[in-house]
Amino acid sequence: MFSFVKKVLVLAVALVGMVNAAPFEKRDNVGDATYYNAGLGACGIWNSDADYIVAVSAQYFDTFPGYASGDPNSNPLCGRYLQANYQGRSVTVRITDRCVGCAYGDIDLTPAAFQQLADQSVGRLHGVTWNLL
């Protein structure tokens, strides 16, 4: 009987570990959203404030699977898209930059992209959800 209970507990712990270790692509992220003036991003791509662009947090960018650091242009996140959602509004943006001042889960949008979620006068949006596409 003890052996059976022990096996069930081991299996339960393993399943919980698998759920908590969801790949980056499958995670729903939550954080703040702000906006910034675009230019040359960490991915080596020039953008304007009218482009739908996002900078993800430096911690998220630097720990993304497949990125060996060194040359940020080689990060597999570069050129990927994410969808950000806030109070029933959403915007799809391209990742071309990393945000040093962002906490893990925060995103920094171009003014045009931010405007799709809220008026710029708000400045910072709390509780924005986003996921990679």
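When the letters of the sequence shown are read in order and numbered with our numbering, they come out as residues 1477 to 1609.
Every residue gets a Cβ at the ideal spot worked out from N, C-alpha and C, and that includes glycine.
Start and end of the beta strand (DSSP E) containing D1538?
Locating residue 1538 in the sequence shown gives position 62, counting from the first residue. Looking at the DSSP string, D1538 is not in any beta strand (DSSP E); the run it does join, the alpha helix (DSSP H), is 1534-1538.
Assigned secondary structure, N1513 (DSSP; H/G/I helix, E/B strand, else coil)
Mapped onto the sequence shown, residue 1513 falls at position 37. Of the three classes helix, strand and coil, the one that applies to N1513 here is coil, per DSSP.
C-beta atoms of G1520 and D1582 nearer than 8 angstroms:
Taking the first residue of the sequence shown as position 1, residue 1520 is located at position 44. Taking the first residue of the sequence shown as position 1, residue 1582 is located at position 106. Between G1520 and D1582, the C-beta spacing is not below 8 angstroms.
Looking at the structure shown, is V1598 part of a helix, part of a strand, or coil, going by DSSP?
Here residue 1598 refers to the residue found at position 122 when the sequence shown is read from its first residue. Reduced to three states, the DSSP call for V1598 is helix.
Report, in whole angstroms, the separation of the C-beta atoms of Y1512 and T1568, which I expect to be a contact under 8 angstroms.
In the sequence shown, the residue the question calls residue 1512 occupies position 36. In the sequence shown, the residue the question calls residue 1568 occupies position 92. With a Cβ gap of about 18 angstroms, Y1512 and T1568 do not count as contacting.
Please state whether DSSP places Q1591 in a helix, a strand or coil.
The residue you call residue 1591 lines up with position 115 of the sequence shown. Helix at Q1591.
Any idea which residues DSSP pairs V1506 with across the strands?
Reading the sequence shown from its first residue, position 30 is the one you call residue 1506. DSSP output for V1506 lists T1605 as bridge partner(s).
Does the structure place the region 1553-1562 close enough to the region 1598-1606 that three or more beta carbon pairs sit under 8 angstroms?
yes
Just list the residues that DSSP pairs C1575 with in beta bridges.
In the sequence shown, counting from the first residue as 1, residue 1575 sits at position 99. S1533.
Residue burial classification, L1504 (beta-carbon count within 10 angstroms, cutoff 16):
Your numbering for residue 1504 matches position 28 in the sequence shown. Reading off the sequence shown, one finds Asp at residue 1504, where the question assumed Leu. Sixteen is the threshold: since fewer than 16 other Cβ atoms of the shown chains lie within 10 Å of the Cβ of D1504, the residue is exposed.
Taking just the CA atoms, how far does T1586 sit from Q1592?
Walking along the sequence shown from the start, residue 1592 turns up at place 116. Walking along the sequence shown from the start, residue 1586 turns up at place 110. Rounded to the nearest whole angstrom, the CA to CA distance from Q1592 to T1586 is 10 angstroms.
Let me know if G1555 comes out buried or exposed under the rule of 16 or more other beta-carbons within 10 Å of its beta-carbon.
Here residue 1555 corresponds to residue number 79 of the sequence shown, with the count starting at 1. Result: exposed.
With C-beta atoms as the reference, is V1530 less than 8 angstroms away from D1595?
For the purposes of this step, residue 1530 is identified with residue 54 of the sequence shown, where counting begins at 1. For the purposes of this step, residue 1595 is identified with residue 119 of the sequence shown, where counting begins at 1. No, Cβ-Cβ distance for V1530 and D1595 is not below 8 angstroms.
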